[in-house]
Amino acid sequence: MSTVLHDEIVVDLGDRSYPVFVGSDMVADVELMIPDDVGKIAIVTQQNIKILPKLARPFQIFNIDDGEQAKSLATVAELCSGFARMGMNRKDLVLAIGGGIVSDTAGFAAASFHRGLRYGIIATTLLAQVDAAIGGKTGVNIAEGKNLIGAFWQPSFVLCDLAALGSLPQRELQCGRGEMAKYAFLGAEGLDRMPLHAQVSACVRIKANFVESDEREGDRRALLNYGHTLAHVVEAVGFDDSRVDLKHGEAVAIGLIFAARLAKRLGRIDQARVDYHYRVIESYGLPTKLPIRVDPDRLIELMFKDKKSFGTLTFVLDSDSGVELVRDIEVDPVKEELVEFNS
Ligand SMILES: NC(=O)c1ccc[n+]([C@@H]2O[C@H](COP(=O)([O-])OP(=O)(O)OC[C@H]3O[C@@H](n4cnc5c(N)ncnc54)[C@H](O)[C@@H]3O)[C@@H](O)[C@H]2O)c1
Numbered sequence: 012m013s014t015v016l017h018d019e020i021v022v023d024l025g026d027r028s029y030p031v032f033v034g035s036d037m038v039a040d041v042e043l044m045i046p047d048d049v050g051k052i053a054i055v056t057q058q059n060i061k062i063l064p065k066l067a068r069p070f071q072i073f074n075i076d077d078g079e080q081a082k083s084l085a086t087v088a089e090l091c092s093g094f095a096r097m098g099m100n101r102k103d104l105v106l107a108i109g110g111g112i113v114s115d116t117a118g119f120a121a122a123s124f125h126r127g128l129r130y131g132i133i134a135t136t137l138l139a140q141v142d143a144a145i146g147g148k149t150g151v152n153i154a155e156g157k158n159l160i161g162a163f164w165q166p167s168f169v170l171c172d173l174a175a176l177g178s179l180p181q182r183e184l185q186c187g188r189g190e191m192a193k194y195a196f197l198g199a200e201g202l203d204r205m206p207l208h209a210q211v212s213a214c215v216r217i218k219a220n221f222v223e224s225d226e227r228e229g230d231r232r233a234l235l236n237y238g239h240t241l242a243h244v245v246e247a248v249g250f251d252d253s254r255v256d257l258k259h260g261e262a263v264a265i266g267l268i269f270a271a272r273l274a275k276r277l278g279r280i281d282q283a284r285v286d287y288h289y290r291v292i293e294s295y296g297l298p299t300k301l302p303i304r305v306d307p308d309r310l311i312e313l314m315f316k317d318k319k320s321f322g323t324l325t326f327v328l329d330s331d332s333g334v335e336l337v338r339d340i341e342v343d344p345v346k347e348e349l350v351e352f353n354s
């Protein structure tokens, strides 16, 4: 491979194991990662992503639209029709080049077409590199909610090329930093002081470890949702209130701070640990509080609808022995903390 420096992290899942490469300027070498028996390649990407590797085999490009609305069954149907017209079969490969929207959608199309084609990912956003591209969760949105239809379908390889981040808008980079920050509390101590390449590798290692021990998302993999309980409800508020203009990663950053404060209120961690949360989030230039005051009762009502909730308030919370999934949390301390956090 022509790259000067790259790490190879294997997601070890028996016969579904695959390598994740982290480095720079690796896109040109993607052919080396594609299995020899692959005939044709269907590239799924977006118009504004100007990354196209040189491929020795026949390929066709499918551009999907931008944004969550493109992560839909309609897009999957269009892709699958395109794969059929191209004559794709189980020997062929889908190559996703993009962020989480592309890898989730292309991955689900790959999982569905002919009941499963191989797929590879060139992850081009920081969020996809540290999170979305790793672990085989593919899927799309429906009107009733995000990611409600999908499949666990592991890729054959993932390329996290830091050079691709050069053209990424600043706000998208910032969004990735929010997801990255959560790993600082999931075992990557000192993450914020590492060079970017080492940060991405450390996050991939942690995510790979969670996936290996809990591929189908029981309680352990759910810990990767640290910071997401408040994040999801704040994003939901933002759907009808333009003053809450937060990217997902920014909402996660605020959610991490809230989770740390709630953990302290519940006697699970001390102030020094809360301060560490503030330090990490601030070091990434991410927000630590809500942009406007939001009615705590509204936030709590939405928290009960969280998919981890099962009818009680459920948070991933820090403790002396690390983060844990905590169910059946009383409403009062959550409301008290929301009131203080919001003031
Ligand atoms: N499957 C999982 O495990 C998992 C985990 C976390 C998030 N997700 C999903 O990921 C999605 C969000 O992904 P995202 O944050 O990567 O957003 P995204 O895919 O929408 O990408 C953000 C924007 O950046 C553009 N872009 C991508 N790469 C670029 C590049 N190199 N240069 C210039 N522009 C570029 C895209 O076209 C898009 O406009 C959400 O739908 C979320 O649900 C999935």
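According to our numbering, the sequence shown is numbered sequentially starting from 12.
Idealized CB from N, CA, C, for every residue including glycine.
In DSSP terms, what residue i is bridged to
{"i": "residue 336", "result": "327"}
{"i": "residue 227", "result": "Beta-bridge pairing links residue 227 to no other residue."}
{"i": "residue 211", "result": "Its beta-bridge partners do not exist; DSSP assigns none."}
{"i": "residue 73", "result": "55"}
{"i": "residue 46", "result": "For residue 46, which the question treats as bridged, DSSP gives no partner whatsoever."}
{"i": "residue 129", "result": "104"}
{"i": "residue 176", "result": "According to DSSP, which records beta bridges pairwise, residue 176 is partnered with nothing at all."}
{"i": "residue 81", "result": "Answer is none; residue 81 lacks a bridge partner."}
{"i": "residue 170", "result": "32 and 133"}
Residue i: first and last residue of the uninterrupted alpha helix (DSSP H) it sits in
{"i": "residue 119", "result": "111 to 123"}
{"i": "residue 194", "result": "181 to 194"}
{"i": "residue 246", "result": "239 to 251"}
{"i": "residue 197", "result": "Taken as a continuous stretch (DSSP letters only), residue 197 belongs to no alpha helix (DSSP H), as it is neither H nor E."}
{"i": "residue 311", "result": "307 to 314"}
Residue i, enclosing beta strand (DSSP E) - first and last residue
{"i": "residue 287", "result": "Run containing residue 287: none in the beta strand (DSSP E); it sits in the alpha helix (DSSP H), 282 to 294."}
{"i": "residue 276", "result": "From DSSP, residue 276 is part of no beta strand (DSSP E) but of the alpha helix (DSSP H) over 259 to 276."}
{"i": "residue 350", "result": "Segment 342 to 353 is the alpha helix (DSSP H) holding residue 350; no beta strand (DSSP E) there."}
{"i": "residue 93", "result": "Counting along the chain, residue 93 falls outside any beta strand (DSSP E), though it belongs to the alpha helix (DSSP H) covering 84 to 97."}
{"i": "residue 18", "result": "17 to 22"}
{"i": "residue 149", "result": "148 to 153"}
{"i": "residue 236", "result": "No beta strand (DSSP E) contains residue 236, which DSSP labels as neither H nor E."}
{"i": "residue 156", "result": "156 to 163"}
{"i": "residue 32", "result": "29 to 34"}
Neighbour flag for residue i against chain B, beta carbons, 7 Å
{"i": "residue 193", "result": "Included in the structure is just one protein chain, with no chain B present."}
Chain-order list of residues whose beta-carbon lies under 6 Å from that of residue i (same chain, five-residue window excluded)
{"i": "residue 241", "result": "266 and 269"}
{"i": "residue 171", "result": "33, 134, 140 and 211"}
{"i": "residue 291", "result": "192, 195 and 203"}
{"i": "residue 158", "result": "150"}
{"i": "residue 246", "result": "262"}
{"i": "residue 323", "result": "338 and 339"}
{"i": "residue 189", "result": "260, 261, 263, 264 and 297"}
{"i": "residue 280", "result": "274 and 329"}
Residue burial classification, residue i (beta-carbon count within 10 angstroms, cutoff 16)
{"i": "residue 58", "result": "exposed"}
{"i": "residue 112", "result": "buried"}
{"i": "residue 185", "result": "buried"}
{"i": "residue 45", "result": "buried"}
{"i": "residue 21", "result": "exposed"}
{"i": "residue 205", "result": "exposed"}
{"i": "residue 15", "result": "The pLDDT assigned to residue 15 is 47, lower than 50, so where the model puts this residue is not dependable, and the model offers no usable value."}
{"i": "residue 238", "result": "buried"}
{"i": "residue 153", "result": "exposed"}
{"i": "residue 115", "result": "buried"}
{"i": "residue 95", "result": "exposed"}
{"i": "residue 321", "result": "exposed"}
{"i": "residue 326", "result": "buried"}
{"i": "residue 250", "result": "exposed"}
{"i": "residue 264", "result": "buried"}
{"i": "residue 350", "result": "exposed"}
{"i": "residue 224", "result": "exposed"}
{"i": "residue 312", "result": "exposed"}
{"i": "residue 218", "result": "buried"}
{"i": "residue 61", "result": "exposed"}
Nonlocal neighbours in the same chain, by C-beta distance under 7 Å from residue i, ignoring five residues either side
{"i": "residue 91", "result": "120, 123 and 124"}
{"i": "residue 254", "result": "302 and 303"}
{"i": "residue 28", "result": "21 and 22"}
{"i": "residue 176", "result": "137 and 184"}
{"i": "residue 97", "result": "51, 53 and 71"}
{"i": "residue 12", "result": "At residue 12 the pLDDT is 49, less than 50, meaning the model places this residue with poor confidence; the figure from the coordinates comes in the next sentence. Taken in chain order, the residues that qualify are 37, 40 and 43."}
Check: residue i C-beta below 6 Å from any heavy atom of ligand 2
{"i": "residue 136", "result": "Within the structure as shown, ligand 2 is missing, the only ligands being ligand 1."}
8 Å CB neighbourhood of residue i in its chain, flanking five on each side removed
{"i": "residue 164", "result": "118, 119, 121, 122, 127, 130, 147 and 149"}
{"i": "residue 49", "result": "68, 102, 103, 104 and 129"}
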